[in-house]
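Following: one structure in structure tokens, then a few remarks.
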Amino acid sequence: MSSTRRVATLVALAALPVAVLAVFFVLPVTGMVQRGLFFGGSFDPSVISRIVGRPEIQRALWFTLWSSGLATVLSVALGLPAAFALHRLRFPLQRVIRAGLLVPFVLPTVVVGVAFRELIGEAGLLAPLGLDGTPTAIILGLVFFNASVVIRAVGAAWESLDPRPGEAAAALGASPVRVLLTITLPALRPAIVSAASVVFLFCATAFGIVLTLGGVRYNSIETEIYKLTFTLFDLPGAAVLSVLQLLVVVGLLVVAGRLRAVPDAAQSRVVVRRRPVSLLDLPALASMSVLVLLVAGPLLALLLGSLRVEDRWSLANYVALQTPGFDPPLPVPVTSALLTSLTVAVQASLAALVLGLLVAFAVTRRSRSVAERRVRSVLDGLFMVPLGVSAVTLGLGLYLTLGTGVFDFRDEPWLVPLAQALVALPLVVRTLVPVLASVDDRLRQAAAGLGAGPLRAVMTVDVPAVWKPLLAASGFAFAASLGEFGATSFLVREENPTLPVVILRLLSRPGSDNYGMALAAACVLAAATALVMLLVERLRVPSIGAL
Amino acid sequence: MLSLREVSVTYEGAAAVSDVSLDLADGEVLALLGPSGSGKSTLLRAVAGLEPASGEISWDGRSLRGVPTHKRGFALMFQDGQLFPHLDVADNVAYPMRLRRIPSAERRSKVGYLLELVGLSGYQERLPGTLSGGERQRVALARALAVEPRLLLLDEPLSALDAGLRERLAGDLRRILHEAGTTALMVTHDQEEAFAVADRIALLREGHLVQEGTLREVWAQPTDTWAALFLGYARVLEGPAAYQVLEAAGMTPAGAVALRRSAFVADPEGPLAGTVVSARATPELHRLVVRLDEIGEVDAVADSAPAPGERVSLRVEPNRLAIPGTAEASAPPPAESAQQPPAT
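See below:
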């Protein structure tokens with residue numbers, strides 16, 4: 001292929017995703033930067049420092065930093081032993097535990113928040129511990145969510161880690177602890193660092209958890225943005241905070257990318273037979289059990305809570321889902337909100353899939369020149385940014401910029417699916433890129449050498465390799481979209497809410513009826529996402545969720 | 001001294017190693033030779049304590065059952081060295097000494113000595129990623145020798161290297177092992193590697209020990225047809241053909257005979273006659289395939305090159321053939337021609 005045709009192909013592949021990203025991501029975000037930094041058309045740093053200097057914003061900043069840091073450390077500490085046990089050992093119920101521990105990864109944050117409240121709240125089983133509304137509760141919630149990220153990312157690396165260096169060290173006299181500290185952990189360092197940075201990112205931009213568990217006392221930057229916008233109508237304040245968050249997040253992404261790019265020293269990747277459990281594995285199994293309890297506890301509490309009405313077992317909460325609820329009623333019955341959610345999720349995952357595939361193909365084609373490679377790597381990084389920009393920032397940006405002028409899309413029904421697609425896009429791209437990159441280019445050349453045109457070569461070589469990851473990625477995007485709340489809450493139309501939005505509304509209303517309905521709705525949402533994730537898990541695609 | 005008594009290893013119901021008994025005296029190098037899937041690596045891992053095994057593995061009469069790998073005092077070296085990629089050469093070599101809390105000054109001088117022993121003086125600060133395959137294997141060897149292991153376990157130590165390097169390093173390995181007085185158990189699928197490095201050879205097939213002895217013993221009398229072919233004999237003749245060949249060599253007839261490629265030499269005075277099937281020139285001599293009357297196809301060497309179809313006479317070189325162990329006792333099988341080496 002001539003170089004002009006190569007570039008033309010690259011441009012053609014990337015055109016649509018780049019255009020979508022430009023209008024629905026870059027434009028809103030830069031629009032916000034403008035709003036945050038240029039008041040009345042001029043740049044006035046004093047306004048920024050005044051906003052940043054506000055005590056409640058300082059508190060939110062500080063709280064975000066330390067709670068995210070602590071939650072990250074705990075997630076890694078609990079996730080590593082579980083990753084080892086689930087990926088290197090062989091024991092009964094392993095597959096169930098493995099799938100179960102991965103469910104939180106896509107569980108809607110709102111559901112998790114409700115589940116934790118049910119466990120540690122006023123009427124909860126653990127109410128005597130007095131955790132409700134404390135930072136401990138928020139941190140536990142963050143760990144609940146993010147330990148699965150560590151298990152995914154590190155587990156995938158650990159599973160294929162060549163055991164022979166460790167065996168060689170053991171034969172040279174290194175005790176198992178010594179092998180772990182001097183051989184295994186250094187070899188896993190890139191995976192651990194990259195998992196930890198992603199976890200920190202998720203913690204720092206966590207929205208639903210902090211909103212539902214933090215109450216009025218604790219705010220992160222993310223919830224502060226939400227409150228400034230909807231409660232205080234302080235748009236400049238919200239914009240400044242969003243910009244601040246964006247800077248931190250992009251900085252962190254760059255650092256994480258650097259750390260991840262640490263030369264892997266050509267670690268050999270192998271298929272390792274899992275071994276049966278021995279006495280030495282008990283600490284790892286014990287630590288995994290703690291995590292299982294942490295994950296299962298709130299979910300069980302949620303399930304049991306949804307089945308109780310006035311201290312009796314009852315399905316009344318579920319029956320009530322067919323109605324718009326009680327005083328004051330919702331605009332629609334909860335079941336139709338579920339239907340809306342499912343429809344939106346189908347549209348969003350389709351959009352994410354099309355865009356993700358285009359990006360993945362554009363990024364993984366072999367480059368012939370330095371410039372070409374640079375373009376591809378910029379593209380690769382560009383489509384990772386939505387991962388780091390909080391959904392609330394995106395939602396707010398879309399809300400603020402798309403309401404006027406040429407891009408008057410605010411009331412378009414496709415805006416919500418598109419926003420969700422943008423949120424899910426990095427997950428899709430990250431799932432597909434490793435698969436496509438691992439396809440040996442010589443296979444394509446062989447196909448071309450046998451007379452296959454470029455399209456035919458893709459059909460013969462790439463499509464068979466990619467269809468299963470593609471299915472997994474779409475399921476993943478579907479689950480993520482079902483639970484998406486941050487961006488949706490800004491964009492969703494009053495008369496057509498999605499299920500997570502409805503759950504939060506029910507929660508904010510007084511009365512045990514509304515609360516019971518919220519629990520039942522959360523259970524339905526959790527079941528739907530868990531089901532999708534379990535199907536995805538059955539496809540056994542290693543790169544899924546391994547950001 | 002290492003002793004194995006009826007050692008078996010089972011993988012999910014299938015036996016990978018069955019009832020292997022072996023002894024390895026101090027200072028000796030024993031090669032476990034066998035094709036892939038013969039269980040040789042599994043046996044090595046069992047000795048290292050990396051695979052659960054039944055039977056008895058003992059050192060100096062003391063059972064190693066329940067002794068974890070890191071307390072066995074052995075060292076293990078793999079096909080591709082398995083240097084720790086995040087440590088430089090000196091730190092790799094010093095790793096086992098560090099584990100034993102040897103003071104750093106002593107470590108440094110020992111590292112220098114070991115690197116000199118393997119021919120890599122001055123490589124201390126290089127990272128494994130910057131070394132060639134052969135250099136990496138040398139560093140791995142230095143690391144394995146660093147704490148004077150009671151037993152060095154080598155898993156295909158030279159297989160990842162190209163042919164010329166393999167040959168040179170095999171000689172070095174033998175020299176280094178003998179200089180250091182190391183007792184070693186080496187796994188290999190390559191009989192030349194085994195012959196180049198080891199003092200004794202144990203031949204494994206499908207988990208069973210087929211034959212064990214010194215190089216000379218094993219070579220002079222392969223236990224059966226399969227062993228002969230695996231050890232590098234070109235063909236095995238059985239039945240009447242074997243009788244005829246042995247008779248022509250002036251030896252006691254037996255049921256089978258293993259022939260090297262140079263067992264027959266073109267000689268006008270030779271007692272056997274046949275037709276040339278093919279001829280190929282090599283730098284030193286010509287290699288022929290000849291169809292001997294009433295015997296079948298055999299390999300032969302010649303100083304000049306006869307054309308295919310030509311008649312030639314051959315004599316037999318008695319020191320270039322062997323009688324497989326099982327053939328001596330057994331009755332001659334029915335008329336049988338030649339067996340080809342197993343496809344690899």
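Top to bottom, those sequences are chains A and B.
Going left to right, the first sequence walks through residues 1 to 547 as full-length UniProt numbering numbers them.
Going left to right, the second sequence walks through residues 1 to 344 as full-length UniProt numbering numbers them.
Quick reminder that beta carbons are idealized off the backbone N, C-alpha and C, glycines included.
Bear in mind that the values here come from a model prediction, so they are computed numbers and not experimental data.
Flag B:Lys71 as yes if its beta-carbon sits less than 9 Å from any beta-carbon of chain A, otherwise no.
Your numbering for residue 71 of chain B matches position 71 in the second sequence. It does; some Cβ of chain A falls within 9 Å.
Determine the direct distance from the alpha carbon of A:Ala362 to that of A:Gly397, and round the result to whole angstroms.
Position 397 of the first sequence, counted from the first residue, corresponds to residue 397 of chain A. Position 362 of the first sequence, counted from the first residue, corresponds to residue 362 of chain A. The C-alpha of A:Ala362 is placed about 27 Å away from the C-alpha of A:Gly397.
Which residues in chain B sit within 7 Å of A:Ala175, going by Cβ to Cβ distance?
Residue 175 of chain A sits at position 175 when you count from the first residue of the first sequence. Per the sequence shown, residue 175 of chain A should be read as Ser rather than Ala. Listed by position along chain B, the residues whose Cβ is nearer than 7 Å to that of A:Ser175 are His70.
Helix, strand or coil, according to DSSP, for residue 345 of chain B in the structure here?
The displayed coordinates of chain B run from 1 to 344. Any statement about residue 345 of chain B would go beyond what the structure contains.
Secondary structure at B:Gly55, three-state DSSP: helix, strand or coil?
For the purposes of this step, residue 55 of chain B is taken as residue 55 along the second sequence, with counting starting at 1. In this structure, B:Gly55 counts as strand in the three-state DSSP scheme.
One question on the structure: do B:Gly250 and B:Ser38 come within less than 9 Å of each other, judged by their Cβ atoms?
Numbered from its first residue, the second sequence carries residue 250 of chain B at position 250. Numbered from its first residue, the second sequence carries residue 38 of chain B at position 38. In this structure, B:Ser38 does not lie closer than 9 Å to B:Gly250 by Cβ.
DSSP has B:Leu292 in a bridge; who is on the other side?
The count along the second sequence starts at 1 and reaches residue 292 of chain B at position 292. According to DSSP, residue pairing for B:Leu292 in a beta bridge involves B:Gly274 and B:Gly296.
CB B:Gln82 to CB A:Arg164, shorter than 9 Å?
Within the second sequence, numbered from 1, the residue matching residue 82 of chain B stands at position 82. Within the first sequence, numbered from 1, the residue matching residue 164 of chain A stands at position 164. Result yes, Cβ atoms of B:Gln82 and A:Arg164 sit closer than 9 Å.
Which residues, in chain order, does the stretch 160-171 of chain A contribute to contact with chain B at a C-beta distance below 8 Å?
Here the close residues are Asp162, Arg164, Pro165, Glu167, Ala168, Ala169, Ala170 and Ala171.
Quick one: does A:Arg178 have its CB under 9 Å from some CB of chain B?
Taking the first sequence and counting its residues from 1, one reaches residue 178 of chain A at position 178. Among the residues facing chain B, A:Arg178 is included, as its CB has a counterpart in that chain under 9 Å away.
Any alpha helix (DSSP H) of 4 or more consecutive residues that is wholly inside the stretch 52-85 of chain A
Whole alpha helix (DSSP H) segments, 4+ residues: zero.
Excluding the 5 residues flanking A:Val292 on each side, which residues of the same chain have their C-beta closer than 8 Å to its C-beta?
The residue you call residue 292 of chain A lines up with position 292 of the first sequence. Take A:Val292, set aside five residues on each side of it, and the residues of its chain with a beta-carbon closer than 8 Å to its own are Ile97, Gly100 and Leu101, in chain order.
Quick check on B:Glu212: buried or exposed, where buried means 16 or more other Cβ atoms within 10 Å of its Cβ?
Numbered from 1 along the second sequence, position 212 holds the residue referred to as residue 212 of chain B. Looking at its Cβ environment, which holds 16 or more other Cβ atoms inside 10 Å, B:Glu212 is buried.
Chain A contact for B:Val17 (CB, 9 Å cutoff):
Indexing the second sequence from 1 puts residue 17 of chain B at position 17. Nearest CB-CB separation between B:Val17 and chain A: not below the 9 Å threshold.
For chain B, find out if any of its Cβ atoms is closer than 9 Å to the Cβ of A:Thr460; answer yes or no.
For the purposes of this step, residue 460 of chain A is taken as the residue at position 460 of the first sequence. For A:Thr460, the answer is no, since every Cβ of chain B falls outside 9 Å of its Cβ.
Report the residue from A:Leu425, A:Val389, A:Val7 and A:Leu470 whose alpha carbon sits nearest the alpha carbon of A:Val20.
If you number the first sequence from 1, residue 20 of chain A lands on position 20. Of A:Leu425, A:Val389, A:Val7 and A:Leu470, the residue nearest in Cα terms is A:Leu425.
What does the alpha-carbon distance come out to for the pair B:Phe78 and B:Pro157?
What you label residue 78 of chain B is simply residue 78 of the second sequence in a count that begins at 1. What you label residue 157 of chain B is simply residue 157 of the second sequence in a count that begins at 1. Going by the C-alpha atoms only, they are around 6 Å apart.
Should B:Asn319 go down as buried or exposed, given a rule of 16 or more other Cβ atoms within 10 Å for buried?
For the purposes of this step, residue 319 of chain B is taken as residue 319 along the second sequence, with counting starting at 1. Residue burial annotation: B:Asn319 is exposed, with fewer than 16 other C-beta atoms found within 10 angstroms of its C-beta.
Measure the beta-carbon distance from A:Leu525 to A:Gly483 and round it to whole angstroms, keeping in mind my assumption that it falls under 8 Å.
Taking the first sequence and counting its residues from 1, one reaches residue 525 of chain A at position 525. Taking the first sequence and counting its residues from 1, one reaches residue 483 of chain A at position 483. A:Leu525 to A:Gly483, Cβ: 7 Å. Contact.
How would you call B:Thr282, buried or exposed, if buried means at least 16 neighbouring beta carbons within 10 angstroms?
As a first step, residue 282 of chain B is located in the second sequence; it is residue number 282 there, counting from the start. With fewer than 16 other CB atoms across the displayed protein chains lying within 10 angstroms of its CB, B:Thr282 is exposed.
Determine whether the beta carbon atoms of B:Ser300 and B:Leu321 lie at a separation below 9 Å.
One-based indexing of the second sequence puts residue 300 of chain B at position 300. One-based indexing of the second sequence puts residue 321 of chain B at position 321. Reading off the sequence shown, one finds Ala at residue 300 of chain B, where the question assumed Ser. Taking 9 Å as the Cβ cut-off, B:Ala300 and B:Leu321 do not qualify as a contacting pair.
Report the rounded CA-to-CA distance for A:Ser175 versus B:Gly73, giving the unit in angstroms.
As a position in the first sequence, residue 175 of chain A is number 175, starting the count at 1. As a position in the second sequence, residue 73 of chain B is number 73, starting the count at 1. A:Ser175 and B:Gly73 have their C-alpha atoms some 12 Å from each other.
Cut-off 7 Å between Cβ atoms - residues of its own chain near A:Val536, not counting five sequence neighbours on either side:
Here residue 536 of chain A refers to the residue found at position 536 when the first sequence is read from its first residue. Answer for A:Val536: Ala472, Gly475, Phe476 and Ile544, listed in chain order.
Using 9 Å as the limit for Cβ to Cβ distance, is B:Tyr113 near chain A?
The residue labelled residue 113 of chain B in the question sits at position 113 within the second sequence. It does not: the Cβ of B:Tyr113 has no partner Cβ on chain A nearer than 9 Å.
Taking contact to mean 3 or more Cβ pairs, one atom from each stretch, closer than 8 Å, check whether the stretch 89-98 of chain B and the stretch 48-62 of chain B are in contact.
The stretch 89-98 of chain B, when compared against the stretch 48-62 of chain B, does not touch it at the 8 Å Cβ threshold.
At which residues does the beta strand (DSSP E) containing B:Ile201 begin and terminate?
Start at 1 with the first residue of the second sequence, and residue 201 of chain B comes out as number 201. Note, B:Ile201: beta strand (DSSP E), Arg200 to Arg205.
Residues of chain B with a CB under 7 Å from the CB of A:Ile183: which are they?
Here residue 183 of chain A corresponds to residue number 183 of the first sequence, with the count starting at 1. Simply Phe84.
Following the continuous beta strand (DSSP E) through B:His178, name the residue where it begins and the one where it ends.
One-based indexing of the second sequence puts residue 178 of chain B at position 178. Counting along the chain, B:His178 falls outside any beta strand (DSSP E), though it belongs to the alpha helix (DSSP H) covering Ala163 to Ala180.
Quick one: which residues of the stretch 125-154 of chain B get their C-beta closer than 9 Å to a C-beta of chain A? List them in chain order.
Those would be Leu127, Pro128, Gly129, Ala140, Arg143, Ala144, Ala146, Val147, Pro149 and Leu153, in chain order.
Closest to B:Arg174 by C-alpha separation, out of B:Val236, B:Gln124 and B:Leu152, would be which residue?
Position 174 of the second sequence, counted from the start, is the residue given in the question as residue 174 of chain B. Restricting attention to B:Val236, B:Gln124 and B:Leu152, the CA atom closest to the CA of B:Arg174 is found in B:Leu152.
Sub-9 Å separation of A:Val23 and A:Leu394 beta-carbons
Position 23 of the first sequence, counting from 1, holds the residue named residue 23 of chain A. Position 394 of the first sequence, counting from 1, holds the residue named residue 394 of chain A. Their beta carbons are not under 9 Å apart, which means A:Val23 does not touch A:Leu394 by this criterion.
What residues of chain A sit near B:Arg100, judged by a beta carbon separation below 9 Å?
Indexing the second sequence from 1 puts residue 100 of chain B at position 100. Here the neighbours are Gly173.
May I ask you to report which of helix, strand or coil DSSP gives A:Ser341?
For the purposes of this step, residue 341 of chain A is taken as the residue at position 341 of the first sequence. Residue state, collapsed to three classes: helix.
Within 9 Å, strictly: CB atoms of B:Arg143 and A:Leu172:
Walking along the second sequence from the start, residue 143 of chain B turns up at place 143. Walking along the first sequence from the start, residue 172 of chain A turns up at place 172. Yes, Cβ-Cβ distance for B:Arg143 and A:Leu172 is below 9 Å.
What did DSSP end up calling residue 558 of chain A once you bin it into helix, strand or coil?
The displayed coordinates of chain A run from 1 to 547. Any statement about residue 558 of chain A would go beyond what the structure contains.
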